[in-house]
Amino acid sequence: MEYLLVRFPRSRRVVIDGEFNGRTNELIELEAGTYTVSLGPPPNFTPESRRVVLRNTSALEPKEVTFDET
Amino acid sequence: MRPKRVALPLFLIFLILQSCAHYPVNAPLQSYEPRGGYRFDNLTPGEGNTDAIMLCLAFSGGGTRAAAFAYGVLAELRDTLITAEGAPRRLLNEVDCISSVSGGSFTAAYFGLFRDRIFQDFETRFLRRNIQGELAGQVLSPANWFRLISPYFSRIDLAAELYDATVFEGRRYKDLAGGARPFIILNATNTALGSRFEFAQDQFDFLGSDLGEYPLARAAAASSAFPILLNPISLKNQPSPPGFSVPPAVQNALEDAGTNPRRYLWARNLVTYQDKANHPYLHLLDGGLADNIGLRAVADAYTRGFIRRRINDGAIKTFVAIVVNAKTDPPDSIDQHEAPPRIPAVIMKTMTVSMENYSFETVEFMRGLAGDRAQAQRDVAVCQRTLDARCPGGERLTAFPTELRLHVIELNFEQFSDPEERRFFLSLPTTFSLTGHQVDCLIAAGRRLLRTSQEYRDLLGELGGQLQPAAETATEFPSGGCKASN
């Protein structure tokens, strides 16, 4: 399995491929592959979404994605 | 007009109509509702079910042998009490999903429909019947001869009718126990793609079809349509309903041929159904051809489905998969003769060997997934402790939302320590007709193997579980014992 960390100043639900799947600032475990990552409402973040490919990560070195609060 | 002159034309018309028999076509989906239909997310937890425990069962194939073995496990779960959210609960109520193939699908579907009623009448309605003989009677009945002439109606449709009338009472997917868990996943195999096909709305969306209207009996028939003996169950690949689009996860997975071939194949198989012109129909055979223990659906839900989302949301504290594997190892004389085996024996051996090897790999794959998570949690915890010791007040590592406890428990007949008992169970035939004594032995075997499993006892230790002493007698074998030498 692979590991994703979505950084955001607040705790917020993470949306992966259109489905709620984990929270910001916590480890998210997913199988290897391509994903579209976004955040749950309210829409006060940028960018709107990010596309990531998870491969060769570990729990100690997850793939990091950052969203900024607007 | 004389009666004879009327009777003959009427009889001929009857025969012609009979020979136009057609299997019931799966209903088209009127509108696409990604939050509707038979999906795990649309089911309520049900009475006595806590979200913190995700318990999934996998029932293997193996005819009545598998159905009875799985039934024994359900009975043992019913008689096991745990403490959850401060209250005693039956572990059976914690079952969230059951994935099954072939014979195991009858137990799974019956429990999904009728819940505790299974303990009152499933033995008489299925386990102790000569289903095979009844099916042969249907095939030989003159009333069905002309129906079987039709290219659109075959023995498997007769089997589905028999199951519908005598086991499942005409129930459809929309009737599954008031929309509560467990989520029942009956698995078949798509003969064209060679891939697992699950009876769930997520899959039926791609067929443009409404699973809610589909009879459980036909799904169970597809799941148990052993090749050569029975024909496939056919489905129509209906036009996509307005508003349907391929889900983003499937679209992204189509780019993963190099990164994750397993995820890519999952997506590719699904989008194949969108090619309506080249795949207007599906023909489904025994689920055992793609996965003979029913665990693949659980593994897929764990890696990318409803289980994964709940784990990442931190809702699940304990994940349990119990694999009820009725695999046998009957005596084989192939290697006792110099002459090579004949074609029928080779065909049968080819099918069963590949099914069993794949089953072994699937259990190991699931154990590997559980081990990966446990190891990742340990890595984070050990590093954090080291950091805390050397840099007090320093950095906090990013952690998982919860410390997940995982258990993968497999039950199979090899686990009997008594060689004669082991040989008895490993030699049982794959058929829909067993003796009452054999059924008694299998039910007791399911209960006993679960009750004595060390992994199961470890789980009960975590959950504050109690085995009911009164149920101990139910794990005893019937008089005469269950030994090959008897």
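Residue numbers (the numbering used here), protein chains in the order written: chain A, 985 to 1054; chain B, 70 to 555.
A virtual CB, placed ideally from N, CA and C, is assigned to each residue, including glycine.
Small disclaimer: the values here were computed from a predicted structure and weren't measured.
**Prompt:** Name the chain B residues whose beta carbon is nearer than 9 Å to that of valine 1037 of chain A?
**Reply:** Correct list: Glu324, Asp325 and Thr328.
**Message:** Between the alpha carbons of proline 1027 of chain A and valine 315 of chain B, how many angstroms are there, rounded?
**Reply:** Straight-line Cα distance between these residues: approximately 24 Å.
**Residues near cysteine 166 of chain B in its chain [Cβ-Cβ closer than 6 Å; skip 5 each side]** = Excluding its 5 nearest sequence neighbours in each direction, cysteine 166 of chain B has C-beta neighbours in its own chain below 6 Å: Cys125, Pro251 and Phe252, listed in chain order.
**Item:** Beta-bridge pairing of asparagine 481 of chain B - partner residues as DSSP gives them
**Value:** Under the DSSP definition of a beta bridge, asparagine 481 of chain B partners with B:Asn394.
**Prompt:** Is the number of C-beta pairs between the segment 348–368 of chain B and the segment 496–503 of chain B that are closer than 8 Å three or more?
**Reply:** The segment 348–368 of chain B, when compared against the segment 496–503 of chain B, does not touch it at the 8 Å Cβ threshold.
**Asked** Got a sec: is the Cβ-Cβ distance from leucine 339 of chain B to anything in chain A below 8 Å?
**Response** Answer no: the Cβ-Cβ gap between leucine 339 of chain B and chain A never drops below 8 Å.
**Item:** N-terminal and C-terminal residue of the beta strand (DSSP E) that glutamate 1013 of chain A is part of
**Value:** First-last of the beta strand (DSSP E) with glutamate 1013 of chain A: 1011–1014.
**Message:** Between which two residues does the beta strand (DSSP E) holding arginine 159 of chain B run?
**Reply:** In the DSSP annotation of this structure, the continuous segment of the beta strand (DSSP E) that includes arginine 159 of chain B starts and ends at 156–159.
**Message:** For proline 470 of chain B and asparagine 338 of chain B, which I take to be in contact (beta-carbon distance under 8 Å), what is that distance rounded to the nearest angstrom?
**Reply:** Between asparagine 338 of chain B and proline 470 of chain B the Cβ distance is about 31 Å, and since that is not below 8 Å, they are no contact.
**Prompt:** By a C-beta neighbour count over all protein chains shown, 10 Å radius and 16 as the cutoff for buried, is proline 409 of chain B buried or exposed?
**Reply:** Classification of proline 409 of chain B: exposed, given that the 10 Å Cβ count is below 16.
**For leucine 160 of chain B, the nearest candidate out of B:Gln272, B:Glu145 and B:Leu209 (CA to CA)** = Checking every option, the nearest Cα to that of leucine 160 of chain B belongs to B:Glu145.
**Prompt:** Hey, isoleucine 302 of chain B and leucine 255 of chain B: beta-carbon distance below 8 Å or not?
**Reply:** It is not a contact, given that the beta carbons lie outside the stated cut-off.
**Asked** Taking all protein chains shown into account, do 16 or more other C-beta atoms lie within 10 angstroms of the C-beta of alanine 346 of chain B, making it buried, or fewer, making it exposed?
**Response** Exposed, since its Cβ has fewer than 16 Cβ neighbours within 10 Å.
**Request:** In angstroms with no decimal places, state the Cα-to-Cα distance between glycine 312 of chain B and alanine 288 of chain B.
**Result:** Using only the alpha carbons, I get a separation of about 27 Å.
**Item:** Per DSSP, the bridge partner or partners of leucine 475 of chain B
**Value:** According to DSSP, which records beta bridges pairwise, leucine 475 of chain B is partnered with B:Phe388.
**Item:** Partners in chain B for leucine 1011 of chain A, counting only beta-carbon separations shorter than 7 Å
**Value:** Chain B residues near leucine 1011 of chain A: Thr467, Ala468 and Phe469.
**Item:** Assigned secondary structure, leucine 227 of chain B (DSSP; H/G/I helix, E/B strand, else coil)
**Value:** Of the three classes helix, strand and coil, the one that applies to leucine 227 of chain B here is helix, per DSSP.
**Same chain only: Cβ atoms within 6 Å of leucine 323 of chain B, ignoring 5 sequence neighbours per side** = Contacts found: Ala336.
**Request:** Taking C-beta pairs closer than 8 Å, name the residues in chain B that proline 1046 of chain A reaches, listed in chain order.
**Result:** Near proline 1046 of chain A (Cβ distances below 8 Å), the residues of chain B are Thr467.
**Prompt:** Looking at chain B, which residues of the segment 992–1024 of chain A have a Cβ within less than 9 Å of any of its Cβ atoms?
**Reply:** Here the close residues are Arg997, Val998, Ile1000, Asp1001, Gly1002, Glu1003, Phe1004, Asn1005, Gly1006, Arg1007, Asn1009, Glu1010, Leu1011, Ile1012, Glu1013, Leu1014, Glu1015, Ala1016, Gly1017, Thr1018, Tyr1019 and Thr1020.
**Message:** Between which two residues does the alpha helix (DSSP H) holding arginine 287 of chain B run?
**Reply:** For arginine 287 of chain B, the enclosing alpha helix (DSSP H) covers residues 285–292.
**Message:** Run through chain A and tell me which residues come within less than 7 Å of leucine 381 of chain B, C-beta to C-beta.
**Reply:** Checking the displayed sequence, the identity of residue 381 of chain B turns out to be asparagine instead of leucine. Neighbours of asparagine 381 of chain B on chain A, chain order: Asn1005, Gly1006, Ile1012 and Glu1013.
**Asked** Is the beta carbon of leucine 304 of chain B less than 8 Å from the beta carbon of leucine 245 of chain B?
**Response** Leucine 304 of chain B places its beta carbon 8 Å or farther from that of leucine 245 of chain B.
**Asked** What's the call for arginine 134 of chain B, buried or exposed, on a 16-neighbour Cβ count within 10 Å?
**Response** Classification of arginine 134 of chain B: buried, given that the 10 Å Cβ count is 16 or more.
**Asked** Which residue's Cα is closest to the Cα of glycine 38 of chain B: B:Leu285, B:Arg332, B:Val94 and B:Thr258?
**Response** One cannot answer for residue 38 of chain B here, as it falls past the ends of chain B, which runs 70 to 555.
**Asked** Cβ of arginine 240 of chain B less than 8 Å from any chain A Cβ?
**Response** Judged by the 8 Å Cβ criterion, arginine 240 of chain B is not in contact with chain A.
**Message:** Determine, for proline 114 of chain B, whether the minimum Cβ-Cβ distance to residues of chain A falls below 8 Å.
**Reply:** No, no contact with chain A.
**Asked** Three-state secondary structure (DSSP) at lysine 243 of chain B?
**Response** Correct three-state label for lysine 243 of chain B: helix.
**Own chain residues within Cβ distance below 8 Å of arginine 365 of chain B, not counting five before or after** = The beta carbon of arginine 365 of chain B sits closer than 8 Å to the beta carbons of Ser168, Asn256, Arg265, Ala359 and Thr431 from its chain, once the five residues preceding and following it are set aside; these are given in chain order.
**Nearest candidate by alpha-carbon position, reference histidine 506 of chain B, set B:Arg197, B:Gln343 and B:Tyr242** = Nearest option by C-alpha distance: B:Arg197.
**Request:** Flag alanine 90 of chain B as yes if its beta-carbon sits less than 8 Å from any beta-carbon of chain A, otherwise no.
**Result:** Judged by the 8 Å Cβ criterion, alanine 90 of chain B is not in contact with chain A.
**Request:** Compare the Cα-Cα distances from histidine 137 of chain B to each of B:Leu536, B:Phe191 and B:Ala370 and report the closest residue.
**Result:** According to the sequence shown, residue 137 of chain B is alanine rather than histidine. It is B:Phe191 whose Cα lies nearest to the Cα of alanine 137 of chain B.
**Asked** Just by C-beta distance, which residues in the segment 428–449 of chain B are closer than 8 Å to chain A?
**Response** Contacts with chain A (Cβ-Cβ distance below 8 Å) from the segment 428–449 of chain B involve Leu438, Asp441, Arg442, Ala445, Gln446, Asp448 and Val449, listed in chain order.
**Item:** Residues that DSSP places opposite glutamine 535 of chain B in a beta bridge
**Value:** When beta bridges are read from the DSSP output, glutamine 535 of chain B appears opposite B:Leu150.
**Message:** Spatial neighbours of leucine 977 of chain A within its chain, please: C-beta separation below 7 Å, excluding the five flanking residues on both sides.
**Reply:** Any question about residue 977 of chain A goes unanswered here, given that chain A covers just 985 to 1054.
**Request:** Look at arginine 996 of chain A and alanine 1016 of chain A and say whether their C-beta atoms are less than 8 Å apart.
**Result:** Contact: no.
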